[in-house]
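Following: one structure in structure tokens, then a few remarks.
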Amino acid sequence: MAGVGRDAGGPPLTDLAGLLAGPVQVAAPGLLGCRLVANGVTLRLTEVEAYDGTGVDAASHAHRGRTLRNAVMFGRPGLAYVYFTYGMHWCMNVVCREEGVASAVLLRAGSIVDGIELARSRRPGSVDRDLARGPARLSQALGITRADYGVDMLAEGAAVRLLPPAPGAAPRPEDVRCGPRVGVVGAKERPWRFWVHGDPSVSPYRPHAPRVKRAAG
DNA sequence: AGTAGGATAATCT
DNA sequence: GATTATCCTACTG
29 MAGVGRDAGG
39 PPLTDLAGLL
49 AGPVQVAAPG
59 LLGCRLVANG
69 VTLRLTEVEA
79 YDGTGVDAAS
89 HAHRGRTLRN
99 AVMFGRPGLA
109 YVYFTYGMHW
119 CMNVVCREEG
129 VASAVLLRAG
139 SIVDGIELAR
149 SRRPGSVDRD
159 LARGPARLSQ
169 ALGITRADYG
179 VDMLAEGAAV
189 RLLPPAPGAA
199 PRPEDVRCGP
209 RVGVVGAKER
219 PWRFWVHGDP
229 SVSPYRPHAP
239 RVKRAAG
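With this note's numbering applied, the first sequence corresponds to residues 29 to 245, in that order.
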């Protein structure tokens, strides 16, 4: 391949709100390449997972109906659904679909494009590639906590902002791959994990990692 | 390079 | 009382 560094990105994303209002399995890959800005750090999303709503997707927090924790999933598209898990980790979602219909996209990984020193200070010991490689790491690098629950990420001046890709940063369509979700039973039925192929910040728990075994000699 | 097990607390049954 | 949309460390080869 000749044109190194030339990668003309995919088509620009013009209507982020409209994208989020649609089906979650369409919105999720559309978020790849978008920018997430919080607490002085900006990153480019490289890996996400889609979760559908009540009664449809057994892996979704909203599958069994509305609770205190998942209430925001039933709200407007673009709101932040932040939850605490495994006794120590925060994870970050973007709410999709119109109000009253639950679904969300889990933000699994990204690469830091601005404020990297701040991100490093929040995750001492991590190499740059790992700063936001994984949903809990991503939240930690951006300083996301319970305080961000329900924030409207499409609103100007919000503590957490979701923005369309920077010019040329949208992934090429052929680089958007999908596969089973991580840590989900029955994941094969809904290959709703989407990532940017080849990006080093994509979390390592990939399906069928093709280990290239070199012949000896 | 790859895998296994422990940490640790809110949420739901 | 069981479960969890995870991460880190230590161990093996």
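From the three backbone atoms N, C-alpha and C, an ideal C-beta is built for every residue, glycine too.
Contact check between the region 56-73 and the region 82-99: fewer than three CB pairs, one atom from each, fall below 8 Å, which does not count as touching. In the displayed model, alanine 56 falls within a helix according to three-state DSSP.
With 16 or more neighbouring CB atoms inside 10 Å of its own CB, leucine 64 falls in the buried class.
DSSP places valine 179 outside both helix and strand once states are collapsed to three, so it counts as coil. DSSP places leucine 41 outside both helix and strand once states are collapsed to three, so it counts as coil. Counting C-beta atoms within 10 angstroms of its own C-beta, methionine 116 has fewer than 16 neighbours from the protein chains shown and is therefore classed as exposed. Ranked by how close their Cα comes to the Cα of histidine 225, the residues Pro39, Val76, Ala186 have Val76 in first place. Between isoleucine 172 and alanine 78, the CB-CB gap reaches or exceeds 9 Å. At the C-beta level, alanine 169 and proline 40 stay beyond 9 Å of one another. The secondary-structure analysis by DSSP pairs serine 139 across a beta bridge with Arg72. Segment contact: the region 146-161 against the region 114-134, fewer than three CB-CB distances shorter than 8 Å; contact not assigned. Inter-residue distance for tyrosine 177 and tyrosine 111 is about 8 Å (C-alpha atoms, whole angstroms). In this structure, tryptophan 118 keeps its C-beta atom at 9 Å or more from the C-beta atom of arginine 209. Non-local C-beta neighbours of asparagine 67 in its own chain, meaning closer than 7 Å and more than five positions away in sequence, comprise Leu170, Gly171, ordered along the chain.
Contact between leucine 96 and leucine 135 fails: their C-beta atoms lie close to 22 Å from each other, not under 8 Å. Secondary-structure assignment with DSSP links methionine 101 through no beta bridge to anything. Glycine 46 and glutamine 53 have their alpha carbons spaced roughly 14 Å apart. Note on arginine 157: under 16 other CB atoms within 10 angstroms of its CB, so exposed under the neighbour-count rule.
Judged by their CB atoms, leucine 191 and leucine 48 are not nearer to each other than the 9 Å cut-off. Rounded to the nearest angstrom, the gap between the Cα atoms of valine 179 and proline 193 is 20 Å.
Between serine 231 and alanine 99, the C-beta gap is not smaller than 9 Å, which leaves the two residues out of contact.
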